[in-house]
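Novice: In my numbering, the protein residues as written are 1 to 157. We treat Cβ as the ideally placed atom computed from N, Cα and C, and that holds for glycine.
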């Protein structure tokens with residue numbers, strides 16, 4: 001069974017737009033680079049040609065990756081109410097029980113995760129530990145530095 005990719009409707013639209021761009025505009029640009037590099041002569045010693053072919057391989061790899069994601073995408077239902085439980089599409093505020101620091105996180109699918117922007121994947125250890133908990137719960141997260149404890153302060157859809 002193929003891996004499912006949990007994504008928001010917005011991310012789905014972004015991927016569809018990226019695929020359209022890659023298959024139309026970008027593919028033509030790379031084909032033009034190859035055509036121009038061929039005109040330089042001997043292909044065995046033509047670094048421009050090699051670079052253009054490498055760019056083409058990267059392009060086709062990305063197209064295949066995006067097509068795979070779109071083919072196996074599962075749209076997150078961000079309107080679904082699960083009695084205040086944490087799930088995909090939730091924004092949560094947690095308190096680190098050790099330091100007292102408060103952090104705001106969005107729980108998203110793996111394709112949208114970006115820890116630098118506090119967008120945490122539901123597949124990450126932190127995301128998995130938080131799923132299905134409610135406000136007031138204390139959650140333990142197994143991390144490389146040991147067990148971390150967080151108190152859930154707010155959950156919003």
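Who are the Cβ neighbours of residue 46 in its own chain at under 7 Å, not counting the five residues just before and after it?
Specialist: 37, 40
Novice: Just the C-alpha distance for residue 52 and residue 11, rounded to the nearest angstrom, thanks.
Specialist: Looking at the two C-alpha atoms, the distance is approximately 29 Å.
Novice: Give me, in chain order, the residues of the same chain whose beta-carbon lies closer than 8 Å to that of residue 69; leave out the 5 immediate sequence neighbours on both sides.
Specialist: 5, 7, 15, 111
Novice: In chain order, which beta strand (DSSP E) runs of at least 3 residues are fully inside the segment 19-75?
Specialist: 73-75
Novice: For residue 96 and residue 152, what's the separation of their Cα atoms in angstroms?
Specialist: 9 Å
Novice: In this structure, how does DSSP classify residue 93 when only helix, strand and coil are distinguished?
Specialist: It is a strand residue.
Novice: Under a three-way DSSP split, which group does residue 3 fall into?
Specialist: coil
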